[in-house]
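Worksheet for the structure shown next.
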Amino acid sequence: MKETAAEVSELQALLDAAYERSTEHLRNIIKGPRRLTAAELVRVLTGMCTINLATVTARGEPRISAVDGHFLHARWVFTTSGSAAKARQLKARPAASISYVDGERIGVFSHGDVEFLTPEHADFAEIEAHLTKHYGSSPSSWGEDIVYCRLQPTWIVGYAFDKTAVLKDAKD
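Numbering-wise, numbering that gives the first Met the number 0 puts 14 at position 15 of the sequence shown, and it's gapless, one number per residue.
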């Protein structure tokens, strides 16, 4: 867990606001003991998570792909080739949705805008160090045009069918 107390508080405010703006249908599913708090999310979203990334084409057609996601400082971070369709789509239209679902165990759903992080960005070095430690090599070394992306969420909810079991399995 790399989140600061301020980042956890900010994430909790975002979770609460998203929940309040959600439909009755969603609130009936993600309620009470199934609703994950910010502190719980940052405990369970450690390491690499295969996330589903939804983008939109120039014609407004939805596209979805899976990428390696890392939840760092209460934001989803991922890399891809700069020539990938998803990268081109996000550069033109940064709005995206990301979901992480592990069966009925956990579901995290978020919407926001993707930003591209260059080596000059204040957070780049820490993100690259985290990814390099996880993979054993820097993603920058995997190709000529690897881009680092981070979702700045405007809406996020977290769900666990059996929160007690999910938290028991979380790394402390």
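Ideal Cβ positions, reconstructed from N, Cα and C, are used throughout, including at glycine. What you are looking at is a predicted structure, and each value in this text was computed from that prediction instead of being measured.
Can you list, in chain order, the residues of its chain whose CB lies under 6 Å from that of L40, leaving out five sequence neighbours each side?
Cβ contact annotation for L40 (same chain, cutoff 6 Å, sequence separation greater than five): G157, in chain order.
Does the count of Cβ pairs from the stretch 146–166 and the stretch 91–111 closer than 8 Å reach three?
Proximity of the stretch 146–166 to the stretch 91–111 meets the contact definition, three or more beta-carbon pairs being nearer than 8 Å.
Can you give the Cα-Cα distance for W75 and K162, rounded to whole angstroms?
One C-alpha to the other measures close to 21 Å.
My understanding is that L150 touches V113, with C-beta atoms under 8 Å, so please give their C-beta distance in whole angstroms.
With 8 Å as the limit, L150 and V113 qualify as a contact, their Cβ atoms being about 5 Å apart.
Among the residues of its own chain, which have a CB less than 8 Å from the CB of H133, if the five just before and after it don't count?
Contacts found: G46, M47, H69.
Tell me whether A53 sits in a helix, a strand or coil according to DSSP, three-state version.
Strand, per DSSP.
Pairwise C-alpha distance: I50 and I29
Taking the straight line from one Cα to the other gives about 19 Å.
Report back the beta-carbon spacing between I85 and R104 to the nearest angstrom; my notes put them in contact at under 8 Å.
Reading off the sequence, residue 85 comes out as Lys, not Ile. About 26 Å separates the beta carbon of K85 from that of R104, a gap too long to meet the 8 Å contact definition.
Which residues bound the beta strand (DSSP E) around R74?
Looking at the DSSP string, the run of the beta strand (DSSP E) that includes R74 is 74–80.
What does the alpha-carbon distance come out to for the pair S80 and V165?
C-alpha separation (whole angstroms): 33 Å.
Tell me whether S91 is buried or exposed, calling it buried when 16 or more other Cβ atoms sit within 10 Å of its Cβ.
In the sequence under discussion, the amino acid at residue 91 is Ala, which differs from the Ser named in the question. Exposed, since its Cβ has fewer than 16 Cβ neighbours within 10 Å.
DSSP beta-bridge partners for Q88?
BP columns for Q88 are empty, so no partner.
How many whole angstroms separate the CB atoms of L52 and A95, which I take to be in contact at a CB cut-off of 8 Å?
The pair is a contact, with the Cβ atoms about 6 Å apart (cut-off 8 Å).
Beta-carbon proximity list for S139, same chain, < 6 Å, skipping 5 on both sides:
If we look at S139 and ignore the five residues flanking it on each side, its Cβ neighbours are I145.
Name the residue from N27, R34, A38, T22 whose alpha carbon lies nearest to the alpha carbon of A5.
Comparing Cα positions, the closest option is A38.
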